[in-house]
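Trainee:
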Amino acid sequence: MVDVPALLARVPRDLQVGGEWRPAADGRTLEVTNPATGQTLARVADAGPVDGDAALAAAAAAQESWAATAPRARSEILRSAYELLIERTEDLATLMTLEMGKPLVQARGEVAYAAEFFRWFAEESVRIRGSFTVAPAGGSRLLTMRQPVGPCLLITPWNFPLAMGTRKLGPALAAGCTTVVKPAAETPLTMHALVGLLEEVGVPGGVVNLVTTSRAGEVMEPLIRDPRARKLTFTGSTAVGRTLVEQSARQLLRVSMELGGNAPFVVFDDADLDVAVESCLAAKMRNIGEACTAANRIYAHSSVAAPFAQRLAQRMRALRVGDGLDEGVEVGPLITAAAADRVRGLITSALSGGARLLCGDEPVPEVGHFVAPTVLVDVPRDAALVREEIFGPVAAIQSFDDEDEVIGLANATEHGLASYVCTRDLARALRVAERLDHGMVGVNTGVVSDPAAPFGGVKASGFGREGGAEGIEEYVETKYVAIPS
Ligand code: NAP
Numbered sequence: 001m002v003d004v005p006a007l008l009a010r011v012p013r014d015l016q017v018g019g020e021w022r023p024a025a026d027g028r029t030l031e032v033t034n035p036a037t038g039q040t041l042a043r044v045a046d047a048g049p050v051d052g053d054a055a056l057a058a059a060a061a062a063q064e065s066w067a068a069t070a071p072r073a074r075s076e077i078l079r080s081a082y083e084l085l086i087e088r089t090e091d092l093a094t095l096m097t098l099e100m101g102k103p104l105v106q107a108r109g110e111v112a113y114a115a116e117f118f119r120w121f122a123e124e125s126v127r128i129r130g131s132f133t134v135a136p137a138g139g140s141r142l143l144t145m146r147q148p149v150g151p152c153l154l155i156t157p158w159n160f161p162l163a164m165g166t167r168k169l170g171p172a173l174a175a176g177c178t179t180v181v182k183p184a185a186e187t188p189l190t191m192h193a194l195v196g197l198l199e200e201v202g203v204p205g206g207v208v209n210l211v212t213t214s215r216a217g218e219v220m221e222p223l224i225r226d227p228r229a230r231k232l233t234f235t236g237s238t239a240v241g242r243t244l245v246e247q248s249a250r251q252l253l254r255v256s257m258e259l260g261g262n263a264p265f266v267v268f269d270d271a272d273l274d275v276a277v278e279s280c281l282a283a284k285m286r287n288i289g290e291a292c293t294a295a296n297r298i299y300a301h302s303s304v305a306a307p308f309a310q311r312l313a314q315r316m317r318a319l320r321v322g323d324g325l326d327e328g329v330e331v332g333p334l335i336t337a338a339a340a341d342r343v344r345g346l347i348t349s350a351l352s353g354g355a356r357l358l359c360g361d362e363p364v365p366e367v368g369h370f371v372a373p374t375v376l377v378d379v380p381r382d383a384a385l386v387r388e389e390i391f392g393p394v395a396a397i398q399s400f401d402d403e404d405e406v407i408g409l410a411n412a413t414e415h416g417l418a419s420y421v422c423t424r425d426l427a428r429a430l431r432v433a434e435r436l437d438h439g440m441v442g443v444n445t446g447v448v449s450d451p452a453a454p455f456g457g458v459k460a461s462g463f464g465r466e467g468g469a470e471g472i473e474e475y476v477e478t479k480y481v482a483i484p485s
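In my numbering, the protein residues as written are 1 to 485.
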């Protein structure tokens with residue numbers, strides 16, 4: 001068990017700019033609270049526009065030397081960061097549980113997942129290839145080289161405070177880009193710890209600059225419009241993503257957008273119901289339902305809908321709800337009181353529209369932003385929780401009768417991030433995967449995330465891929481050199 005006061009005392013609280021920890025220029029700080037208890041955990045520096053400008057200036061100043069650092073040297077720094085992250089698993093997991101609420105066991109899982117992005121991109125760093133070919137007409141040689149795009153702005157959400165950071169920092173650093181990182185205001189401590197760790201393993205000053213702020217728009221918009229920035233990578237809501245794309249149009253900034261989802265989870269009549277229930281539980285309840293990949297609309301074939309829903313409800317009802325720091329807890333609090341109220345409102349509205357409650361009325365702790373794991377069946381097709389990202393522990397089940405119908409339903413959303421299919425028929429799995437308008441498809445599994453795979457969406461879920469061989473592409477430019485012979 002980690003000594004929490006000692007852990008909090010070890011975490012840096014200031015901004016990191018050009019290799020120095022410093023308070024906000026105007027001395028402001030922002031409060032970080034524990035969603036399970038409402039207690040204040042810490043106050044961290046609350047950057048203003050002047051600090052943001054200094055951070056981008058530091059990133060721009062460090063760009064040339066970081067790009068010129070040998071790929072092997074960048075790779076070894078990332079490899080050391082991977083190792084130190086793993087060594088610090090308990091500290092980092094505890095920090096995430098404290099500020100975000102996820103159960104400790106899942107926070108440990110996030111550390112492993114987050115660390116893997118550093119290992120993966122340490123390996124990619126030395127394999128950024130160009131090409132050399134003879135022009136088809138002969139007479140000249142065509143050389144291409146891959147170069148770092150330049151200083152990057154990284155904006156991350158609160159739901160995966162560590163992994164959303166490493167998924168961007170890993171490829172950016174591997175490619176030779178410097179960065180300004182802005183984590184969510186609710187969960188800055190994890191990023192402070194991560195940036196401190198990167199300093200320890202030898203990331204030079206100015207390569208990773210950290211601005212924590214309660215004034216996201218005020219601080220980031222001038223940076224997005226600033227020509228010293230060459231790339232913006234954002235993970236967060238579709239609404240904010242749209243605004244940032246508009247802002248980035250001014251200087252035609254390169255942009256990657258990992259936005260919201262509304263994942264369909266389809267259970268066909270030939271599915272192994274044990275696999276379907278466990279996969280659905282994983283896809284729904286990972287991170288208390290606060291995941292962009294969360295199963296949001298569950299479609300079960302009418303011949304299996306009743307037993308599937310009953311079994312899922314049995315599993316959901318048995319989950320232990322409480323403070324994520326207590327070992328054995330499986331469902332923590334939602335991030336804020338407003339988030340919990342919103343999820344309760346979605347349940348109430350679905351019930352008044354004709355949905356039935358299979359579970360969800362069990363008591364939850366009174367202090368903290370808890371919502372009981374809930375299963376609803378006969379959810380109307382137009383219910384708000386079908387149209388919107390639920391972002392909470394609520395499984396909304398509908399039934400369907402044939403394949404074409406369910407593909408139509410699954411694609412009837414502006415989003416297109418994760419999707420899931422349960423069937424024993426491989427041909428059907430492939431056929432349906434091809435027709436799903438989503439960036440990722442899980443077949444008989446509730447987990448699609450893997451640092452070695454390209455994570456990302458289509459339509460209003462954004463563009464760009466993180467992880468896999470594709471991940472580094474987001475951070476390099478291709479330069480072509482013509483060489484007459
Ligand atoms: P959010 O409100 O969009 O915030 C995300 C980040 O953007 C935070 O750091 C936030 O800072 C910042 N931000 C907000 N307004 C901004 C502005 N005007 N200019 C610059 N930055 C701004 O999203 P969230 O509620 O934290 O995260 C949940 C959303 O993220 C969900 O929709 C989820 O699906 C999505 N998500 C997507 C993926 C993916 O890979 N596709 C992964 C995880 C989460 P503040 O905290 O200070 O507001």
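Backbone N, C-alpha and C define an ideal beta-carbon position, used for all residues, glycine too.
In this text the structure is predicted, and so the values were computed from the model without any measurement.
1) Grab me the residues of S75's own chain with a C-beta within less than 8 angstroms of its C-beta, minus the 5 sequence neighbours each way, in chain order.
2) At 4 residues or longer, what runs of the alpha helix (DSSP H) sit wholly inside the segment 42-96?
3) Buried or exposed: where does T423 fall if 16 or more other Cβ atoms within 10 Å of its Cβ makes it buried?
4) With a threshold of 6 angstroms on Cβ separation, who are the neighbours of D425 within its own chain once the five nearest residues in sequence on each side are excluded?
5) My understanding is that R230 touches L56, with C-beta atoms under 8 angstroms, so please give their C-beta distance in whole angstroms.
6) At the level of alpha carbons, what is the spacing between E218 and A453?
7) Give the secondary structure of I155 by DSSP, where H, G and I count as helix, E and B as strand, and everything else as coil.
8) Just tell me which of S65, D91, A59 and F268 has its CA closest to the CA of A6.
9) Provide the residue span of the alpha helix (DSSP H) that contains C280, from first to last.
10) Go ahead and pull the three-state DSSP assignment for T243.
11) Return yes when the Cβ of A24 is within less than 8 angstroms of the Cβ of D51, no when it is not.
12) Would you list the residues sitting across from M257 in a DSSP beta bridge?
13) Excluding the 5 residues flanking G328 on each side, which residues of the same chain have their C-beta closer than 8 angstroms to its C-beta?
14) In three-state terms, what does DSSP make of S419?
15) Leaving aside the five residues before and after S485 along the sequence, list all residues of the same chain whose C-beta is less than 7 angstroms from its C-beta, in chain order.
16) Runs of 4 residues minimum, wholly inside the segment 392-449: which ones carry the alpha helix (DSSP H) assignment?
17) Spatial neighbours of E403 within its chain, please: CB distance less than 6 angstroms, with the 5 preceding and 5 following residues excluded, ordered by chain position.
18) Is the CB-CB distance between E466 and F455 below 8 angstroms?
19) Residues in the same chain with beta-carbon distance under 6 angstroms from L154, minus the five sequence neighbours each way, listed in chain order, please.
20) Would the beta-carbon of A418 fall within 8 angstroms of that of G261?
21) For L85 and V443, what's the separation of their Cα atoms in angstroms?
22) Between T172 and the rest of its own chain, which residues show a CB-CB distance below 6 angstroms, the 5 nearest in sequence each way excluded?
23) Mapping DSSP to helix, strand and coil, what is H369?
24) Going by C-alpha to C-alpha distance, which of L357, P380, L334 and L351 sits closest to P365?
25) Considering only residues of the same chain and omitting the five flanking positions on each side of V207, which have a CB-CB separation below 6 angstroms?
26) For V331 versus P103, is the C-beta spacing smaller than 8 angstroms?
27) Start and end of the beta strand (DSSP E) containing P484?
28) For K479, verify whether its CB is less than 7 angstroms away from any heavy atom of the ligand NAP.
29) Considering Cα atoms alone, identify which of G368, I347 and S352 is closest to C359.
30) Just tell me which of T235, Y299, Y82 and R317 has its CA closest to the CA of C292.
31) When you compare the CB positions of G416 and K459, do they come within less than 8 angstroms of one another, or not?
32) Could you give the DSSP three-state label for E290: helix, strand or coil?
33) Could you tell me whether the Cβ atoms of L41 and L8 are closer together than 8 angstroms?
34) What are the boundary residues of the beta strand (DSSP E) that includes A263?
35) Is it a yes or a no for the segment 105-122 touching the segment 209-224, going by three-plus beta-carbon pairs under 8 angstroms?
36) What does the alpha-carbon distance come out to for the pair H438 and G176?
Mentor: Taking the coordinates as given:
1) A122, E123, S125, V126 and A174
2) List check, alpha helix (DSSP H) in window: 49-68 and 71-87.
3) buried
4) D270
5) That belief does not hold up - the Cβ atoms of R230 and L56 are roughly 11 angstroms apart, past 8 angstroms.
6) Each residue's alpha carbon lies about 34 angstroms from the other.
7) strand
8) D91
9) L273 to M285
10) helix
11) yes
12) F234 and F463
13) R320
14) strand
15) G139, S140 and R141
16) 403-411 and 426-435
17) none
18) Against a cut-off of 8 angstroms, the Cβ pair of F455 and E466 comes out as a contact.
19) K168, T179, V181 and T233
20) The beta carbons of A418 and G261 sit closer together than 8 angstroms.
21) One alpha carbon belongs to L85, the other to V443, and they sit about 31 angstroms apart.
22) Sequence inspection shows Ala at residue 172; the Thr mentioned does not correspond to that position. C152, T179 and Y475.
23) The answer is coil: DSSP assigns H369 none of H, G, I, E or B.
24) L334
25) A62, W66 and T178
26) Contact flag set, yes.
27) V476 to P484
28) Distance from the C-beta of K479 to the nearest heavy atom of the ligand NAP is not below 7 angstroms.
29) I347
30) T235
31) yes
32) coil
33) yes
34) A263 to V267
35) no
36) 31 angstroms
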